[in-house]
Each structure stands twice: as structure tokens, then as C-alpha cells.
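In my numbering, the protein residues as written are 1278 to 1461. Right, one structure below, let's go through it.
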């Protein structure tokens, strides 16, 4: 598990409001609050290798945020020299960046994996809607490389993975889509 900027809030709150307690605190940390040990979850460092040629980061670890979906991750991939999958931007996109000449190309990917939140509850968005896309990412990893897939989530909560639709769309008992207004 990677620690994100939202996950750091309890520690930062304690440091700001009770610095004497923060110095010795082990109980108010993200991994303790979510019982990582009890669930067998490991906290890993940013740029954690997840597949050949790929690392995972949250995205807040270094400066630089691009307003175009996928470009923040592509920029971080270019700087790191390895394909990057990340969250933080709440955007969903895959952005390739190729270099080379003479028929020899090297392509790095920046993969931003979207969000799964209810944006109506993001009351902190003072200037209206954000350029965020609801969805998630999959990476198919092999022995020598990996292929990213961005999975958009529709307004009704449904999504398609490998040709199969999942989510809130009504279906008949046989699994086929039910006509509107006639749930199984």
C-alpha cells in the first residue's frame, strides 16, 4: 500500500496540534489506524516496482501537476525513466511518451487511475466541477513487460472489463440486459 496525501492527514494534524504527542506516536499513524498488520498489508515506498518496467507512486511525492489527464504521470515517468502508475490527480488516462531514432523506440507510459468517489460530496471544490474522471486501472503484467488498461466507470456505477459489463444495469435471470424499467 502506498501512502497518499489524504492518508498523511492524521499524522500532520497531530504534529501541528500536539507536537509533544506526535514525537512518540505510533498509534495515530495510517498503518495503525487501518490495522495493516492484522490484514497483512505492507506499506511500501514510492516508486515501488510492480511489474517489469513499471513503478507505482501516489503522485504527491514530487511537485508538478498537469491539467491534462495522463500528463502528470507521463512527466513523472519521463523523469524516472520507467513507466509510472499513480493516483492523486483523480484523472483517468494513459499517456505514452516515446523517444529514439533509426527504428529504435522506447516508450514509457504515464497511467493515472482515476477515482471512485461521489463527487457530490466533494464540497471543498469551490470553483465548480473538477477535471476528474471516475474509473480505475488494471495492469496486465507478464515476464518482460506490462500493459495498462483504463476502466471508466459510468454514472450508474457500471463498467466493462474484458467485454463483460459489471455494475448497476438491470439484468434478466439469464444475465442479459433487462429492458428499462423491468429489473429481474
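Virtual Cβ for every residue (Gly too), placed ideally from N, Cα, C. Being a predicted model, the structure only gives us computed values, none of them experimental.
Opposing strand residues paired with residue i [DSSP bridges]
i            : result
residue 1331 : 1328 and 1360
residue 1412 : 1429
residue 1420 : The partner list for residue 1420 (beta bridge, DSSP) is empty, contrary to what the question assumes.
residue 1442 : 1437
Residue burial classification, residue i (beta-carbon count within 10 angstroms, cutoff 16)
i            : result
residue 1383 : exposed
residue 1391 : buried
residue 1368 : buried
residue 1354 : buried
residue 1319 : exposed
residue 1430 : buried
residue 1279 : buried
Which of helix, strand or coil DSSP assigns to residue i
i            : result
residue 1287 : helix
residue 1398 : helix
residue 1348 : helix
residue 1387 : strand
residue 1373 : strand
residue 1403 : coil
Cβ separation of residue i and residue j, assumed to be a contact under 8 Å, to the nearest whole Å
i            : j            : result
residue 1427 : residue 1414 : 6 Å
Residue i at chain C interface by Cβ criterion, 7 Å
i            : result
residue 1309 : This model lacks chain C altogether; it includes just one protein chain.
Count the C-beta pairs between the segment 1360-1374 and the segment 1331-1338 that are closer than 8 Å, then say yes if the count reaches three, no if not.
yes
Would you call the segment 1373-1387 in contact with the segment 1407-1422, where contact means no fewer than 3 C-beta pairs closer than 8 Å?
In short, these stretches do not touch, since the Cβ pair count stays below three.
Would the segment 1394-1405 and the segment 1438-1445 be scored as touching if the rule is three or more Cβ pairs under 8 Å?
no
I want to know whether the segment 1303-1311 touches the segment 1345-1360 - three or more CB-CB distances under 8 Å.
no
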